[in-house]
DNA sequence: TAATTAAGTAAACAATGTTAACATAATAAG
DNA sequence: CTTATTATGTTAACATTGTTTACTTAATTA
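Residue numbers (the numbering used here), protein chains in the order written: chain A, 1088 to 1289; chain B, 1088 to 1289.
Dropping the structure here:
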């Protein structure tokens, strides 16, 4: 390990620490509030120090987005893929997990799915690519149901997006400060799940 | 009318012109790009001139949000309220109109429904208040269907939010640069409408 | 041990919203 | 009609933002 003595001119592990601090920060506050000064102060360095490890602030944000997608996928994919549960159960649990992940990580959710940094996201994630593991798992779930003749044999891509868009809409209203929605989000989710299921099954 | 001679020290109608320019601007570009310099250049004034008419940039944005809600309501409400059409037809047309309004006014849509300026929106619009005319009209449509025994007599507020959240999710994915979604948005909307309808009717 | 490279600093940039001090034109008061 | 006041502009300055440049120091390599 490259352990360095404290208060030395060189920090020792600045890149990793910057990412770590940034990721902790966005759990609590919006990406807008994450300035280079915040990072500099938290690491006892200067604003410009970051440029020895990232070519721009956007490059750091790109890493946060990557890690954000990983965490999101890690929360959702295992539920969707859990073959020990039946399809309905997996759908219900995954959709519930989706909303709660958004509620628990509102700033990260907005960062990875929102417009502001879409130009960064697009560079390494599109729905039709293999990077979008959560979406792929959802589509696979639908196709599994189609093979078992439980789910209508329509275009699974379209079916998956209908589900995703619905959950994304509810999540967004909740975390974007429509508090009247948040107050009854479980009722809304139940109704939404029921609707979506009716649309899927025969 | 207060018509003033050109190139005079006083502009004559700066407040109205600032709002007009800002509103035109957001039709084309994101609110992030609307700087005081843009407004100053467009009106041949200075950055600080705006402060004689608005106490801050946020106050100007507040006016844009207000006008944005008005335009949105003007597009949706007449369709939902059109008693010459049957309920299903109004639902289909209104939801189609919703998505297309978002597609046509992506920056304005994001401004009025997004998180960034939620603290401004909240000050004069909440779903449960009377300001949210579009949502009220949707809820009224549902209640009309309940009286006619077409729509399930569940809580209309919840039913309305399920619909709204679904449309909001699809709109957001489309305008927030998920291009794979945009390409087949009509298929998705059709499926979504069908699902939502099944959830509503007996 | 010397040379090179990696990784920090400080100072300066332009752009941002905002404020303060000032200038001018329109309006109200005498 | 002149004068005082108010409304509405300007310019200059601020702190904050991301970023770049020139410099410094430590770690690594020759």
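Idealized CB from N, CA, C, for every residue including glycine. Predicted model, so just to flag it, every value in this text is computed and none were measured.
Where residue 1255 of chain A meets chain B, residues with beta-carbon distance less than 7 Å
Position 168 of the first chain, counted from the first residue, corresponds to residue 1255 of chain A. In chain order: 1256, 1259 and 1260.
Using beta carbons (cut-off 8 Å, strictly below), is residue 1210 of chain B in contact with chain A?
Taking the second chain and counting its residues from 1, the one referred to as residue 1210 of chain B is at position 123. Not an interface residue.
Does DSSP put residue 1237 of chain A in a helix, in a strand, or in coil?
Numbered from its first residue, the first chain carries residue 1237 of chain A at position 150. Note: residue 1237 of chain A maps to coil in three-state DSSP.
Just to confirm, is the Cβ distance from residue 1291 of chain B to residue 1159 of chain B under 8 Å?
Limits of chain B in this structure are 1088 at one end and 1289 at the other, which puts residue 1291 of chain B out of reach.
Please report the straight-line C-alpha distance between residue 1193 of chain A and residue 1168 of chain B, rounded to a whole angstrom.
The sequence position of residue 1193 of chain A within the first chain is 106, counting from 1. The sequence position of residue 1168 of chain B within the second chain is 81, counting from 1. Rounded to the nearest angstrom, the two C-alpha atoms are 35 Å apart.
For residue 1115 of chain B, decide whether its Cβ has a neighbour in chain A, counting only Cβ atoms nearer than 8 Å.
Here residue 1115 of chain B refers to the residue found at position 28 when the second chain is read from its first residue. Chain A, which has no Cβ nearer than 8 Å to the Cβ of residue 1115 of chain B, makes this no.
So what does DSSP say about residue 1118 of chain A, is it helix, strand or coil?
Sequence index remark: in the first chain, residue 1118 of chain A carries index 31 (1-based). DSSP places residue 1118 of chain A in helix when its eight states are reduced to three.
Using DSSP bridges, identify the partner residues of residue 1288 of chain A.
Locating residue 1288 of chain A in the first chain gives position 201, where the first residue counts as 1. BP columns for residue 1288 of chain A point to A:1238.
Which same chain residues, not among the five before or five after residue 1112 of chain A, have their C-beta less than 6 Å away from its C-beta?
To locate residue 1112 of chain A, count along the first chain from 1; it is residue 25. Within the same chain, residue 1112 of chain A has close Cβ partners 1121.
Do residue 1249 of chain B and residue 1282 of chain A have their C-beta atoms within less than 8 Å of each other?
As a working note, residue 1249 of chain B is residue 162 in the second chain. As a working note, residue 1282 of chain A is residue 195 in the first chain. Yes, the pair counts as a contact, with Cβ atoms nearer than the cut-off.
Interface residues of the region 1260 to 1280 of chain B facing chain A [CB-CB below 8 Å]:
1260, 1262, 1263, 1264, 1265, 1266, 1267, 1268, 1271, 1274, 1275, 1278 and 1279
Using beta carbons (cut-off 8 Å, strictly below), is residue 1181 of chain B in contact with chain A?
Here residue 1181 of chain B refers to the residue found at position 94 of the second chain. No - not a single Cβ of chain A is within 8 Å of the one on residue 1181 of chain B.
Taking only runs of the alpha helix (DSSP H) that begin and end inside the region 1167 to 1249 of chain B, which ones reach a length of at least 4 residues, in chain order?
Within the region 1167 to 1249 of chain B, the complete alpha helix (DSSP H) runs of at least 4 residues fall at 1174 to 1191, 1193 to 1200, 1205 to 1208 and 1220 to 1234.
Skipping 5 residues on each side, what residues in its chain have a beta carbon closer than 7 Å to that of residue 1289 of chain A?
Walking along the first chain from the start, residue 1289 of chain A turns up at place 202. Closer than 7 Å at the Cβ level, and outside the excluded window around residue 1289 of chain A, lie 1239.
Measuring CB to CB, does residue 1152 of chain A end up less than 8 Å from residue 1207 of chain A?
Reading the first chain from its first residue, position 65 is the one you call residue 1152 of chain A. Reading the first chain from its first residue, position 120 is the one you call residue 1207 of chain A. Yes, these two residues count as a Cβ contact at 8 Å.
Identity of the residue in A:1099, A:1216 and A:1286 nearest residue 1242 of chain A by Cα:
Position 155 of the first chain holds residue 1242 of chain A. For the residues A:1099, A:1216 and A:1286, the minimum Cα distance to residue 1242 of chain A belongs to A:1286.
Here's the rule I'm using: 16 or more other beta-carbon atoms within 10 Å means buried, otherwise exposed. How should residue 1253 of chain A be labelled?
On the first chain, residue 1253 of chain A is found 166 positions in, with the first residue counted as 1. That one is buried.
Output yes if chain A places a C-beta closer than 8 Å to the C-beta of residue 1202 of chain B; else output no.
Locating residue 1202 of chain B in the second chain gives position 115, where the first residue counts as 1. Closer than 8 Å to some Cβ of chain A, the Cβ of residue 1202 of chain B qualifies, so yes.
Let me know the secondary structure DSSP gives residue 1157 of chain B once reduced to three states.
Indexing the second chain from 1 puts residue 1157 of chain B at position 70. In the structure shown, residue 1157 of chain B sits in a helix (DSSP, three-state: H, G or I).
Own chain residues within Cβ distance below 7 Å of residue 1126 of chain B, not counting five before or after
One-based indexing of the second chain puts residue 1126 of chain B at position 39. Once the five neighbours on either side are set aside, the close Cβ partners of residue 1126 of chain B are 1105, 1108, 1109 and 1137.
Straight-line CA distance for residue 1217 of chain B to residue 1211 of chain B?
Counting from one through the second chain, the residue named residue 1217 of chain B turns up at place 130. Counting from one through the second chain, the residue named residue 1211 of chain B turns up at place 124. For residue 1217 of chain B and residue 1211 of chain B, the distance between alpha carbons rounds to 10 Å.
Residue 1285 of chain A touches chain B at which residues, Cβ-Cβ below 9 Å?
Residue mapping note: residue 1285 of chain A aligns to position 198 of the first chain, counting from 1. Here the neighbours are 1282, 1285 and 1286.
Expressed to the nearest angstrom, what Euclidean distance is found between the alpha-carbon atoms of residue 1132 of chain A and residue 1140 of chain A?
Residue numbering aside, residue 1132 of chain A sits at position 45 when the first chain is read from its first letter. Residue numbering aside, residue 1140 of chain A sits at position 53 when the first chain is read from its first letter. Approximately 13 Å between the Cα atoms of the pair.
Using the C-alpha atoms, what's the distance from residue 1235 of chain A back to residue 1165 of chain B?
Counting from 1 along the second chain, the entry for residue 1165 of chain B is found at position 78. Counting from 1 along the first chain, the entry for residue 1235 of chain A is found at position 148. Roughly 45 Å between the two C-alpha positions.
When the Cα of residue 1261 of chain A is compared with those of B:1232, B:1157, B:1219 and B:1256, which residue comes out closest?
Position 174 of the first chain, counting from 1, holds the residue named residue 1261 of chain A. Looking at B:1232, B:1157, B:1219 and B:1256, the one whose alpha-carbon comes closest to that of residue 1261 of chain A is B:1256.
Between the C-alpha atoms of residue 1146 of chain A and residue 1264 of chain B, what's the straight-line distance to the nearest angstrom?
Taking the first chain and counting its residues from 1, one reaches residue 1146 of chain A at position 59. Taking the second chain and counting its residues from 1, one reaches residue 1264 of chain B at position 177. Each residue's Cα considered, the two are about 20 Å apart.
Return helix, strand or coil for residue 1100 of chain A, following the three-state DSSP convention.
For the purposes of this step, residue 1100 of chain A is taken as the residue at position 13 of the first chain. For residue 1100 of chain A, the three-state secondary structure derived from DSSP is coil.
Just the chain B side, please: which residues come within less than 8 Å of residue 1214 of chain A by C-beta, in chain order?
Translated into the one-based positions of the first chain, residue 1214 of chain A becomes position 127. What residue 1214 of chain A touches in chain B: 1265, 1267 and 1268.
Which residues in chain B have a C-beta closer than 9 Å to the C-beta of residue 1205 of chain A? List them in chain order.
Reading the first chain from its first residue, position 118 is the one you call residue 1205 of chain A. The answer, in chain order, is 1263, 1264 and 1265.
Just to confirm before moving on: does the CB-CB distance between residue 1284 of chain B and residue 1170 of chain B stay below 8 Å?
Sequence index remark: in the second chain, residue 1284 of chain B carries index 197 (1-based). Sequence index remark: in the second chain, residue 1170 of chain B carries index 83 (1-based). At least 8 Å separates the beta-carbon of residue 1284 of chain B from that of residue 1170 of chain B.
Run down chain B in chain order and give the residues with a C-beta less than 8 Å from the C-beta of residue 1245 of chain A.
Along the first chain, read from residue 1 onward, the residue named residue 1245 of chain A stands at position 158. Going along chain B in sequence order, the residues near residue 1245 of chain A (Cβ under 8 Å) are 1271, 1274, 1275 and 1278.
Rounded to the nearest angstrom, what separates residue 1266 of chain A and residue 1173 of chain A at their Cα positions?
Within the first chain, numbered from 1, the residue matching residue 1266 of chain A stands at position 179. Within the first chain, numbered from 1, the residue matching residue 1173 of chain A stands at position 86. Each residue's alpha carbon lies about 34 Å from the other.
Determine the direct distance from the alpha carbon of residue 1220 of chain A to that of residue 1184 of chain A, and round the result to whole angstroms.
On the first chain, residue 1184 of chain A is found 97 positions in, with the first residue counted as 1. On the first chain, residue 1220 of chain A is found 133 positions in, with the first residue counted as 1. Approximately 15 Å, taken between the alpha carbons.
Pair within 8 Å by beta-carbon distance, residue 1198 of chain A and residue 1118 of chain A:
For this step, residue 1198 of chain A is matched to residue 111 along the first chain. For this step, residue 1118 of chain A is matched to residue 31 along the first chain. Closer than 8 Å, so yes.
Can you give the beta carbon distance from residue 1204 of chain A to residue 1148 of chain A, rounded, assuming they're within the 8 Å contact cut?
Walking along the first chain from the start, residue 1204 of chain A turns up at place 117. Walking along the first chain from the start, residue 1148 of chain A turns up at place 61. Yes, residue 1204 of chain A and residue 1148 of chain A are in contact; Cβ-Cβ is about 6 Å, under 8 Å.
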